[in-house]
Amino acid sequence: MNYRIIFLFLLAIGVTSIILLFSMDLYIHIYDPDWYGILNLNQKTDDEKKRIFIIGGSTLHSINAVYLNEKLSESEINFEVYNLADAADRPTQRLKSIENIIDNKPEIVFYGLGYTNFEKFKAKEFDPLPTFLYNPNKLIRNNFELLLDEPLNYIFPVSPKERTLLSLKYILRGADEHYHPFIKFKEGQIIDLEQIEKIEDSRYIDALEVSKNDKEVLALNSIIKKLQENNIEVVLFSFPYSRIMLDNTEINEIENFEKMLKNKQKQFNVNLFFLHDKYSNLNIWIDRVHIANNPKTIIFTEDILEKIIEVID
Amino acid sequence: MLFSSLDFIIFFVIVIGAISLFKFRKFQHILIIISSFYFLFYTDNFLVTLLILTILLHFYTGREIYKSKDPKIRKIFLIIGVLGSLSLLGFFKYYDFAITEFNILGNLLNLENQIPLLNLALPIGISFYTFQSLSYIIDIYRGHLTPTKSLKEYAFFVAFFPTLVAGPILRASQFLPQLKEKIEQAKSSGRLRLFIIQNSALKFGISLMVIGFFKKMVFADNVAPLVNNIFSNPIGMESFAIILGSIAFGIQVYCDFSGYSDIAIGAAAILGFKIPLNFNKPFFATSPSDFWSRWHISLSSWVRDYLYFPLAWKHRRSSVIIFSSLLFSMLLMGLWHGASWNFLIWGGLHGIFLAVFTVIRKKYSKPVEPFFKSKIGKFFSIFVTQYLVFFSFIAFVVQDLDHMWYAMKKYVILDFTTSQTIEIINENEFAILLIILFVILHYVSYRLGNLPEKISKLKLRYWVLFLIFIILPISLFYVGSAQEFIYFQF
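Protein chains in written order, with this note's numbering: chain S, 13 to 325; chain C, 56 to 545.
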């Protein structure tokens, strides 16, 4: 066997892996609200309005920025809101693109965090031989996670296709939706909480890691610091969870999470409000953690609007 | 174990690595046989026993057929072998379907009791390895093949993991000689050969496997959402949306299945085995019979050699016999794909197309031959053939009969409205782009001939660029989890 051929094949895989890893977050690093794509170079945005960015994970997708901007416009408030929620976001991930956020000069950043962002990762222990026989994939994955002390999902993209298409579309014609650049704000169905409970496996949160030396907490500190150094006002809030999630999490862990955020409020003198249990019993959900994108779930957006007006005033 | 999963990559690398490192003949053969059983066990657990049963049944009946001089005894053993494996296939694949239809009939006749369904899991690959084994004993019976004396050799042939779960369906006459060591150019010894991974085979095999992954993971998996969008409930869809859906499905199933075949043929090539092509540019077929010489070639040739010819050969001058033999063979081919009326209808449609074409060609070929030899004639025949092929794909993809009937009507009788189709196109831009890209690439490969062979002969520096060019879109457009191959359900 020619080991040169094997080497070149592995080289090709190596090169594509490097390109893949760099390209997965491309869109978030090059994002600019004034960019309308190569195909629309003449289009301009309204430069006069000040910007508010909402950042956080996919749980914030249902905040309707178009609605927010309509209401702000009606009240003649000279601000524009952009929902920059990004799937699988967490502080260490967001820190990588914080310079891009700063470069786009927002006045205020609303940062939504959940206790699941601080879940203590523990690679599962498998009995090696039976696992290797039945599920070699799980054995390899588990050993990698043990080595890296991080879930593989944090390093390797779960759905490369979505991110690739997002980047390509963004480069060619700007964001599909101007105020929701990273996700399609498509109307979705509300599913009854009882139904969700039946169709989805319960997800138990064993423990959170919110100590001051935890890497996510440190990343959060860095994010707040960098934004404040650039005269950007920071508002922290906890994003909503359904009762299915809350019921499967220890109360003292949630209290630790709240305590950590309150400490940040004091440490950095930032605004803070909690929404994690506000809508837990309402039927506004599409799954355990996501509120449906639906006119009937506008309560979440309206509460955000209230806070925005409060902060501006 | 899906080909497009990490599990298979790990498995394949281990097998190739072990073969390269341990150059002991017996070890290599046992390794591949055990690996093949493990490959099936990984997906199907205890149902691997069906494979073992099939191997034992056909090995021993094949031996008895060959040994016996009495035609009656030979026939008895043939019937035992055929009925034995078809019973297994029939039970696992068709029992619940038959009982469901029987219960429906019972309801119509107001019978009170219903026969309970067993909800049997379909053993992976059973349709493929059953047909593969049947060809072995039938060829022995016909005197076309000398049975192998070694059970190990026979097990290797049937269980060979690259082709085990979704073909191509191998013929013993083509495969078994490849297992034997060639001492002189024309002769082969009685010994099973040592496996040595040749450079040219490695390069060709890797190229073909990568092309297979590209077809499956870039085209098939990304066109699938458009197909589901249209055919999950086609009632109310416009004609152009239905036509778009059937074209998309045709491309999806072609890329899915030919992609799988490419990976299987490439893996076999690396191990030193030449497996015949299973697809040969079917979308350039100029007639229904040409289509079946290009689509799922291993199955269509199996049906031709073991079903159609025995039925029609003696009375081949009779159009009625030819017509009915073709129709019957294709109905069974449809049923082979699945225990469901839609597959029967799909097979029946192809049977009708083939039969009508065969009869017309017999009677009217001479006056129209010059036209069909011209460029316009060729284009016309491709267009008509593909129109019929994509029409039949509706039966393949839509299980509900009312939905199927609606979609077929819309395909044939156009309503000329486009608003919904435009909306679908806007919502599925990426899939549409892939369809256009597929058409271009398919035409290019049609013009260039054997593209994988040409690619494998490139200089190493260009070959690496080709690999990067192909692997990059596979990784960038990976949907996020290994998607099952369509033909796994057969």
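Even for Gly, the Cβ is constructed at its ideal location relative to N, Cα and C.
Proximity test, Cβ basis, 7 Å: residue i and chain C
{"i": "asparagine 14(S)", "result": "yes"}
{"i": "asparagine 283(S)", "result": "no"}
{"i": "asparagine 295(S)", "result": "no"}
{"i": "asparagine 305(S)", "result": "no"}
{"i": "threonine 28(S)", "result": "yes"}
{"i": "isoleucine 17(S)", "result": "yes"}
{"i": "leucine 32(S)", "result": "yes"}
7 Å Cβ cutoff, residue i in contact with chain S
{"i": "leucine 527(C)", "result": "yes"}
{"i": "isoleucine 65(C)", "result": "yes"}
{"i": "aspartate 151(C)", "result": "no"}
{"i": "glycine 535(C)", "result": "yes"}
{"i": "isoleucine 159(C)", "result": "no"}
{"i": "isoleucine 510(C)", "result": "no"}
{"i": "isoleucine 437(C)", "result": "no"}
{"i": "asparagine 254(C)", "result": "yes"}
{"i": "phenylalanine 58(C)", "result": "no"}
{"i": "phenylalanine 485(C)", "result": "yes"}
Under 7 Å by beta carbon: chain C residues contacting residue i
{"i": "leucine 23(S)", "result": "Val519"}
Inter-residue spacing [alpha-carbon to alpha-carbon] between residue i and residue j
{"i": "lysine 514(C)", "j": "phenylalanine 521(C)", "result": "10 Å"}
{"i": "isoleucine 495(C)", "j": "glutamate 508(C)", "result": "19 Å"}
{"i": "isoleucine 256(S)", "j": "valine 247(S)", "result": "27 Å"}
{"i": "phenylalanine 58(C)", "j": "isoleucine 525(C)", "result": "17 Å"}
{"i": "proline 365(C)", "j": "glycine 200(S)", "result": "57 Å"}
{"i": "leucine 108(C)", "j": "aspartate 299(S)", "result": "46 Å"}
{"i": "arginine 102(S)", "j": "leucine 125(S)", "result": "8 Å"}
{"i": "isoleucine 224(C)", "j": "aspartate 151(C)", "result": "26 Å"}
{"i": "lysine 276(S)", "j": "glutamate 241(S)", "result": "16 Å"}
{"i": "valine 68(C)", "j": "lysine 207(C)", "result": "23 Å"}
{"i": "isoleucine 195(C)", "j": "proline 126(C)", "result": "13 Å"}
{"i": "phenylalanine 383(C)", "j": "serine 344(C)", "result": "15 Å"}
{"i": "leucine 399(C)", "j": "isoleucine 352(C)", "result": "19 Å"}
{"i": "lysine 196(S)", "j": "aspartate 98(S)", "result": "11 Å"}
{"i": "serine 90(C)", "j": "serine 140(C)", "result": "23 Å"}
{"i": "phenylalanine 18(C)", "j": "serine 436(C)", "result": "No statement about residue 18(C) is possible, as the shown extent of chain C runs from 56 to 545 and does not include it."}
{"i": "leucine 220(S)", "j": "leucine 284(S)", "result": "20 Å"}
{"i": "leucine 166(C)", "j": "phenylalanine 157(C)", "result": "11 Å"}
{"i": "tyrosine 501(C)", "j": "isoleucine 330(C)", "result": "20 Å"}
Neighbour list for residue i in chain S, Cβ cutoff strictly below 9 Å
{"i": "phenylalanine 532(C)", "result": "Pro172, Lys173, Thr176 and Leu177"}
{"i": "leucine 61(C)", "result": "Pro148, Asn149, Ile152 and Arg153"}
{"i": "asparagine 277(C)", "result": "Lys173"}
Range of the contiguous alpha helix (DSSP H) that encloses residue i
{"i": "isoleucine 67(S)", "result": "Looking at the DSSP string, isoleucine 67(S) is not in any alpha helix (DSSP H); the run it does join, the beta strand (DSSP E), is 62-67."}
{"i": "glutamate 245(S)", "result": "Per DSSP, glutamate 245(S) belongs to no alpha helix (DSSP H); it is in the beta strand (DSSP E), 245-250."}
{"i": "phenylalanine 96(C)", "result": "80-99"}
{"i": "valine 452(C)", "result": "430-452"}
{"i": "asparagine 481(C)", "result": "474-482"}
{"i": "leucine 22(S)", "result": "15-35"}
{"i": "phenylalanine 285(S)", "result": "Run containing phenylalanine 285(S): none in the alpha helix (DSSP H); it sits in the beta strand (DSSP E), 283-286."}
{"i": "glycine 260(C)", "result": "254-269"}
{"i": "tryptophan 518(C)", "result": "515-531"}
{"i": "leucine 149(C)", "result": "Reading the sequence as shown, one finds tyrosine at residue 149(C) and not leucine. Unbroken alpha helix (DSSP H) run through tyrosine 149(C): 126-163."}
{"i": "valine 213(C)", "result": "206-214"}
{"i": "glycine 300(C)", "result": "294-325"}
{"i": "glutamate 157(S)", "result": "148-160"}
{"i": "methionine 388(C)", "result": "374-392"}
Cβ-Cβ distance between residue i and residue j below 7 Å
{"i": "leucine 184(S)", "j": "glycine 69(S)", "result": "no"}
{"i": "isoleucine 179(C)", "j": "glycine 136(C)", "result": "no"}
{"i": "isoleucine 217(S)", "j": "threonine 176(S)", "result": "no"}
{"i": "glycine 314(C)", "j": "lysine 271(C)", "result": "yes"}
{"i": "isoleucine 251(C)", "j": "alanine 462(C)", "result": "no"}
{"i": "leucine 72(S)", "j": "phenylalanine 249(S)", "result": "no"}
{"i": "phenylalanine 304(C)", "j": "valine 452(C)", "result": "yes"}
{"i": "serine 228(C)", "j": "leucine 247(C)", "result": "no"}
N-terminal and C-terminal residue of the beta strand (DSSP E) that residue i is part of
{"i": "tyrosine 94(S)", "result": "91-95"}
{"i": "glycine 124(S)", "result": "120-125"}
Contact set between residue i and chain C, taken where Cβ atoms lie within less than 8 Å
{"i": "serine 35(S)", "result": "Leu531"}
{"i": "leucine 20(S)", "result": "Leu515, Trp518, Val519 and Leu522"}
Under 8 Å from the C-beta of residue i: neighbouring residues of chain S
{"i": "asparagine 261(C)", "result": "Here residue 261(C) is isoleucine; the residue named in the question, asparagine, does not match the sequence. Here the neighbours are Ile17 and Phe21."}
Interface residues of chain S facing residue i [CB-CB closer than 7 Å]
{"i": "lysine 258(C)", "result": "Ile17"}
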